[in-house]
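Report on the following structure.
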Amino acid sequence: MIRFRSIPFIIYILFIQSCSKIEVTEKFKDGKVKEECQFNGPYKNGICKGFFNNGDLEYLVNFKNDTLHGLSKFFHENGSIHWEVIFEKGKKNGEVKYYDKEGNIYQVSTFKENQLTGNSFSYYSNGNLKTKMTYTNGLLHGFYYSYFENGQKEIISKWEKGEQIEFCEYNEEGKLINHLIKYDLIRKDGQLIIKVTNQRFDFVGLRQGILNSNGDFELQRKYFSENGIFVVEIPDEDFSKDAYYFTLFEVEAFENDPDEGTIKSKVEFQYYLEKDK
Numbered sequence: 001m002i003r004f005r006s007i008p009f010i011i012y013i014l015f016i017q018s019c020s021k022i023e024v025t026e027k028f029k030d031g032k033v034k035e036e037c038q039f040n041g042p043y044k045n046g047i048c049k050g051f052f053n054n055g056d057l058e059y060l061v062n063f064k065n066d067t068l069h070g071l072s073k074f075f076h077e078n079g080s081i082h083w084e085v086i087f088e089k090g091k092k093n094g095e096v097k098y099y100d101k102e103g104n105i106y107q108v109s110t111f112k113e114n115q116l117t118g119n120s121f122s123y124y125s126n127g128n129l130k131t132k133m134t135y136t137n138g139l140l141h142g143f144y145y146s147y148f149e150n151g152q153k154e155i156i157s158k159w160e161k162g163e164q165i166e167f168c169e170y171n172e173e174g175k176l177i178n179h180l181i182k183y184d185l186i187r188k189d190g191q192l193i194i195k196v197t198n199q200r201f202d203f204v205g206l207r208q209g210i211l212n213s214n215g216d217f218e219l220q221r222k223y224f225s226e227n228g229i230f231v232v233e234i235p236d237e238d239f240s241k242d243a244y245y246f247t248l249f250e251v252e253a254f255e256n257d258p259d260e261g262t263i264k265s266k267v268e269f270q271y272y273l274e275k276d277k
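According to full-length UniProt numbering, the residues represented by the sequence shown are 1 to 277, in order.
Written out as structure tokens, the structure reads:
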């Protein structure tokens, strides 16, 4: 016996297809099609194709009620895959792999609700690891590593909710050449004590200045310290100024002379002047 139960379903599919139409939504200046999309009523529903000016496919994406939804693919001009991702109601979700024109992976990232999350990696063309970092809710959080192409470490830093709290940079021989200077400020008896808490080089220098009436920096004093501690006297007349402007820097000395050395790290900050209560 021949059954016809599937006929209503087939009729429904044909009806849906008859309601869909493909429209050109964008053209290049020379009139060539840049994008064409499938519509159901006034909204994009179904496949959208984007094209390079030479007519080759640039992307193939899916829409649901005018919102990206489903698997989307993007291509290089030579036709190889560039990256692909799954959209859920317009937001990227899941692992995304990015490829160069030769088909080599150069980045792998994970998204949740359109925000970077978890580990993200990038690679050199030879496949060696270039960077590794961790995200939480779209912000760098945790350790960040970068490497030279030979595998030697270049940068190690630590992040906390998008703010960098530690940083070290190395040359290709593994020698430290820069780092994030940390310091404490202590106000006591008309003095400002500045103490570097993570000194890594021979000397610490301090430049102290103010802004003059033209708004330009005016150097007042320059100090060097072997232990990273400075005691700055604050004369009464300076309280008419808004703030001191400081630059802390570390020096790799030449023959124990900081003036002839090489500056390796630097940080600038302001200290707003208020009289002791």
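Yeah, the Cβ is synthetic: ideal placement off N, Cα and C, and Gly gets one too.
Determine the DSSP secondary structure at Tyr-12, reduced to helix, strand or coil.
-> For Tyr-12, the predicted structure reports a pLDDT of 43, less than 50, and the residue's modelled location is therefore unreliable. The matter cannot be settled from this model.
Would you please verify whether the beta carbon of Gly-50 is less than 8 Å from any beta carbon of chain C?
-> Among the chains of the structure shown, chain C does not appear; only one protein chain is present.
By Cβ distance, which residues of its chain are closer than 8 Å to Glu-260, with the 5 residues on each side in sequence left out?
-> Ala-253 and Phe-254
Where residue 300 falls: helix, strand or coil (DSSP) = Residue 300 is absent from the structure shown; the chain starts at 1 and stops at 277.
Is it right to say Ile-22 is buried, meaning 16 or more other beta carbons lie within 10 angstroms of its own, or is it exposed?
-> exposed
When you compare each of Lys-34, Leu-273 and Tyr-245 to Asp-216 by their alpha carbons, which one comes out closest?
-> Tyr-245
Return yes when the Cβ of Val-267 is within less than 8 Å of the Cβ of Phe-201, no when it is not.
-> no
Secondary structure at Leu-273, three-state DSSP: helix, strand or coil?
-> coil
Leu-206 and Phe-230 look like a contact to me (Cβ under 8 Å); what is the Cβ gap, rounded to whole Å?
-> Yes, Leu-206 and Phe-230 are in contact; Cβ-Cβ is about 5 Å, under 8 Å.
Compare the Cα-Cα distances from Val-108 to each of Glu-102, Leu-129 and Glu-88 and report the closest residue.
-> Leu-129
Can you tell me the Cα-Cα spacing of Thr-131 and Gly-138, whole angstroms?
-> 17 Å
Separation of Gly-151 from Gly-103, as counted between CA atoms | 22 Å
Could you tell me which residues DSSP puts in a beta bridge with Glu-165?
-> The sequence given here places Ile at residue 165; Glu does not occur at that position. DSSP lists no partner for Ile-165.
From what residue to what residue does the beta strand (DSSP E) around Gly-70 run?
-> 70-75
Can you give me the Cβ contacts of Thr-262 inside the same chain, cut-off strictly under 6 Å, excluding the 5 residues immediately before and after it?
-> Glu-252
Using the C-alpha atoms, what's the distance from Tyr-59 back to Ser-265?
-> Rounded to the nearest angstrom, the gap between the Cα atoms of Ser-265 and Tyr-59 is 45 Å.
Could you check if Asn-45 is buried or exposed, using at least 16 other CB atoms within 10 Å of its CB as the buried criterion?
-> buried
CA-to-CA distance, Phe-111 to Tyr-144, given in whole angstroms | 18 Å
Please report the residue range of the beta strand (DSSP E) in which Gln-208 lies.
-> 203-211
Which listed residue (Arg-221, Ile-186, Phe-52 and Asp-242) has its alpha carbon closest to that of Asn-78 = Ranked by how close their Cα comes to the Cα of Asn-78, the residues Arg-221, Ile-186, Phe-52 and Asp-242 have Phe-52 in first place.
Could you tell me the distance, in whole angstroms, from the CA atom of Ile-86 to the CA atom of Tyr-106?
-> 19 Å
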